[in-house]
Amino acid sequence: MNGRKITNYIPLTFIGGAAKSAAERLTPGTAVSVQATVRQEKWTTADGQKRSKVRVQALRHEVLTGDFATIADKNGGLRLAEGVNSAQLGGNLVATPEFRYTPSGDPVTDFALALNEKFTNRQGEVVERTSFVNITAWKEIAQQVAALPKGTPLTVIGATVSESWTDKDGNKRSSLKFEAAQIFVVQPPQGGRPASSVPVNDTLSDADAKAFIDSLPEEEDMPF
């Protein structure tokens with residue numbers, strides 16, 4: 001992204017049968033292809049603090065066979081020399097994107113995308129869930145997305161980026177965000193507007209939508 005070549009260590013969550021299969025098949029250094037979905041989890045800590053975390057939940061994985069070049073990191077772990085980090089997200093702009101310039105003069109736009117998901121839980125109930133993810137676009141793409149109004153349905157193709165830092169209290173924090181390489185505006189069906197189940201796009205002003213995103217719990221490492 002943005003002309004850079006960087007290494008990212010992306011935490012993956014395996015649940016149910018996928019977790020059992022991963023435990024049996026995957027060892028450190030295994031070359032694997034993983035298809036996953038993005039979900040936002042929320043919880044309350046023991047001291048009553050609200051937290052949230054965007055995480056990548058594996059749906060299926062496949063062990064790769066072949067002679068793959070690897071690189072050892074500083075901790076002795078192995079990674080593919082030419083690993084692929086590709087993310088495709090589809091959702092609606094929660095608010096008008098925030099356009100700015102870096103100190104070096106590069107255009108950059110930060111925006112939030114609301115991802116809608118509908119699934120059937122173990123009780124047979126149909127559940128709808130909305131996850132909010134932060135995305136950064138650079139240069140020409142930054143200018144393209146900055147011109148779009150809130151509520152615009154988008155497909156974003158890019159990469160997952162892991163970030164870690166130490167907060168003012170000395171606690172280690174981490175989060176996932178995404179960087180856009182391409183964006184596509186989803187066109188409405190013939191004779192109608194695109195369907196959306198994200199109420200904030202149509203009912204809140206830009207200021208209120210941004211306040212809504214800012215009110216979401218702070219992100220940090222999952223405690224389990």
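Residues in the sequence shown are numbered consecutively from 1, following UniProt numbering. Glycine residues also receive a C-beta, built at the ideal position from the N, C-alpha and C atoms. Computed from a prediction, not measured in an experiment: that's the story for all the values here.
**Status (buried if at least 16 other CB within 10 Å, exposed otherwise) for I126** = For the purposes of this step, residue 126 is identified with residue 126 of the sequence shown, where counting begins at 1. Inspection of the sequence shows that residue 126 is occupied by Val rather than by Ile. The C-beta of V126 has fewer than 16 other C-beta atoms within 10 Å across all chains shown, which makes the residue exposed.
**Item:** Residue burial classification, G16 (beta-carbon count within 10 angstroms, cutoff 16)
**Value:** The residue given as residue 16 occupies position 16 in the sequence shown. Exposed.
**Message:** Can you check which of these residues, V156, K177, T7, is closest to K74 by C-alpha distance?
**Reply:** One-based indexing of the sequence shown puts residue 74 at position 74. For K74, the nearest C-alpha among the options comes from T7.
**Presumed contact (8 Å Cβ cut-off) between T160 and N85, rounded CB distance** = In the sequence shown, counting from the first residue as 1, residue 160 sits at position 160. In the sequence shown, counting from the first residue as 1, residue 85 sits at position 85. Confirmed, Cβ separation roughly 6 Å.
**Request:** Would you mind working out which of S175, Q143, T65 sits nearest D106, comparing C-alpha positions?
**Result:** Here residue 106 is taken as the residue at index 106 of the sequence shown, counted from 1. Nearest to D106 by C-alpha distance, out of S175, Q143, T65, is Q143.
**Message:** Restricting to runs no shorter than 4 residues, where is the alpha helix (DSSP H) found entirely within the stretch 119-181?
**Reply:** The stretch 119-181 contains these whole alpha helix (DSSP H) runs: 139-146.
**Asked** Given a threshold of 16 other Cβ atoms within 10 Å of its Cβ, counted over all protein chains shown, does K53 qualify as buried or as exposed?
**Response** If you number the sequence shown from 1, residue 53 lands on position 53. With 16 or more other Cβ atoms within 10 Å, it is buried.
**Item:** Sequence-distant residues of the same chain with beta carbon closer than 6 Å to T136, five excluded per side
**Value:** Looking up residue 136 in the sequence shown gives position 136. Cβ within range, chain order: D110, E179.
**I71 burial status per 10 Å Cβ neighbour count (16 or more: buried)** = In the sequence shown, the residue the question calls residue 71 occupies position 71. The residue in question, I71, is exposed, as its Cβ has fewer than 16 Cβ neighbours within 10 Å.
**Other residues of its chain near I183: CB distance less than 8 Å, five sequence neighbours each side excluded** = Within the sequence shown, residue 183 is the residue found at index 183, counting from 1. Around I183: A137, I141, Q144, V145, L154, T155, V156, I157.
**Proximity below 9 Å, CB of L64 to CB of G29** = Locating residue 64 in the sequence shown gives position 64, where the first residue counts as 1. Locating residue 29 in the sequence shown gives position 29, where the first residue counts as 1. Cβ distance not < 9 Å, so L64 and G29 don't count as in contact.
**Prompt:** What's the call for Y9, buried or exposed, on a 16-neighbour Cβ count within 10 Å?
**Reply:** Counted from its first residue, the sequence shown places residue 9 at position 9. With fewer than 16 other CB atoms across the displayed protein chains lying within 10 angstroms of its CB, Y9 is exposed.
**Request:** Quick one: give me the first and last residue of the alpha helix (DSSP H) that A19 is part of.
**Result:** Along the sequence shown, one-based indexing puts residue 19 at 19. 17-25 is the span of the alpha helix (DSSP H), which, as asked, contains A19.
**Asked** Thinking just about the alpha-carbon of each residue, which of D67, T96, L148 is nearest to the one in E82?
**Response** In the sequence shown, counting from the first residue as 1, residue 82 sits at position 82. The residue among D67, T96, L148 with its C-alpha nearest the C-alpha of E82 is D67.
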